[in-house]
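Start counting at 1 in the sequence shown, then tack on 458, and there's your number in this note's numbering.
We put the CB at the ideal spot given by N, CA and C, even for glycine.
Owing to the predicted nature of the structure, the values given are computational and were not obtained by experimental measurement.
Step one of this worksheet: look at the structure below.
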Amino acid sequence: MATQSKHELSVIGFPKCGTSALMRIVEKDPRVYVVRTGNDSLEIPPKDLEGYRESAPACDVLAHKFVARAFTSQGTQELLQLNSEMSLVLCYRHPVKSLISWHNMHTKIAVTGRNKNHFAYKERDFYATASLSEYYERYAKERLCYDVHIGRLLETVPSSQLTIIAQEELAAAPDETGEALLNFVRTGERKKVCAGGSTAHRGYADKKRNSIEIPAEITEELEGIYSRTQSLLGAADVTFEMEPAQATAV
Numbered sequence: 459m460a461t462q463s464k465h466e467l468s469v470i471g472f473p474k475c476g477t478s479a480l481m482r483i484v485e486k487d488p489r490v491y492v493v494r495t496g497n498d499s500l501e502i503p504p505k506d507l508e509g510y511r512e513s514a515p516a517c518d519v520l521a522h523k524f525v526a527r528a529f530t531s532q533g534t535q536e537l538l539q540l541n542s543e544m545s546l547v548l549c550y551r552h553p554v555k556s557l558i559s560w561h562n563m564h565t566k567i568a569v570t571g572r573n574k575n576h577f578a579y580k581e582r583d584f585y586a587t588a589s590l591s592e593y594y595e596r597y598a599k600e601r602l603c604y605d606v607h608i609g610r611l612l613e614t615v616p617s618s619q620l621t622i623i624a625q626e627e628l629a630a631a632p633d634e635t636g637e638a639l640l641n642f643v644r645t646g647e648r649k650k651v652c653a654g655g656s657t658a659h660r661g662y663a664d665k666k667r668n669s670i671e672i673p674a675e676i677t678e679e680l681e682g683i684y685s686r687t688q689s690l691l692g693a694a695d696v697t698f699e700m701e702p703a704q705a706t707a708v
């Protein structure tokens, strides 16, 4: 493993869960080097990581992103084989909001053809017109079982190397969460995150959740997944405790 960094961080997660935002946040730290491809993409193939390590400048933290690795334990194990001591951070969000964002994203790709190599465009006869229910049954249902995916991750990665961040918490305190994450990578200490210091972000799903009709049975399934996910995380030492913003006296 050729690298000039003291620490290594790999960001994994699920689509539309804040992974790119987190990479941009940690990149603000001048001691962090974020790996990008020649066309400025944050997504790099694991097989190419060694080459990026060799060409990276000396840094305190080398950070890279492999989102698809979150769906299988094999993908996570392959990452750890690249560096058994690297820190992993997984981003997730409420699965109802993930469903809304995914459906919107894949519909747009199918309709616009902005990425002709994407499966949604190649199968555009379905994805361009699929209702949210049809999309859920064909594509999203198994992928949104965050409790299953995260449960496997907790069995695969030691808590001393793993952090799990909710997109909702990242959006509420982006800079503070980034600082807490880098502190953990460097020291192994989990500090509390105080929300409210930086500007919160509201994405498409946050704005549309109350106006998009989702069948009750799908909502019930996803709420159950979210509840089980929270129970898993509550029993594991892999998250940052969030403190509410302090009220300002007037």
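Close Cβ partners of residue i (< 7 Å) along its chain, the five nearest in sequence each way excluded
i	result
residue 553	602, 604, 680, 683, 684
residue 504	524, 536, 537, 540
residue 489	517, 518, 519
residue 542	none
Cβ neighbours of residue i in the same chain (closer than 8 Å, five flanking residues each side left out)
i	result
residue 699	648, 650, 651
residue 486	633, 636
residue 701	650, 651, 652, 653
residue 618	646
residue 478	500, 523
residue 510	493, 502, 522
Cβ neighbour criterion (16 or more within 10 Å) applied to residue i
i	result
residue 551	buried
residue 571	exposed
residue 471	buried
residue 582	buried
residue 476	buried
residue 642	buried
residue 532	exposed
residue 474	buried
residue 499	exposed
residue 526	exposed
residue 555	buried
residue 528	buried
residue 631	buried
residue 495	exposed
Euclidean distance between Cα positions of residue i and residue j
i	j	result
residue 465	residue 502	18 Å
residue 483	residue 608	23 Å
residue 613	residue 639	21 Å
residue 576	residue 621	30 Å
residue 480	residue 628	8 Å
residue 560	residue 469	19 Å
residue 677	residue 593	14 Å
residue 693	residue 626	20 Å
Segment limits, alpha helix (DSSP H) that includes residue i
i	result
residue 633	632 to 645
residue 605	604 to 614
residue 479	477 to 484
residue 523	It is not in any alpha helix (DSSP H) - residue 523 instead sits in the beta strand (DSSP E) that spans 517 to 523.
residue 593	590 to 593
residue 474	Neither: residue 474 is in no alpha helix (DSSP H) and is coded neither H nor E.
residue 680	674 to 692
Residue i beta carbon near the ligand FAD (any heavy atom closer than 7 Å)
i	result
residue 627	For the ligand FAD, the structure offers nothing, since it holds no ligand at all.
Element boundaries [beta strand (DSSP E), containing residue i]
i	result
residue 554	Per DSSP, residue 554 belongs to no beta strand (DSSP E); it is in the alpha helix (DSSP H), 553 to 570.
residue 621	620 to 624
residue 546	545 to 550
Sequence-distant residues of the same chain with beta carbon closer than 6 Å to residue i, five excluded per side
i	result
residue 544	466, 468
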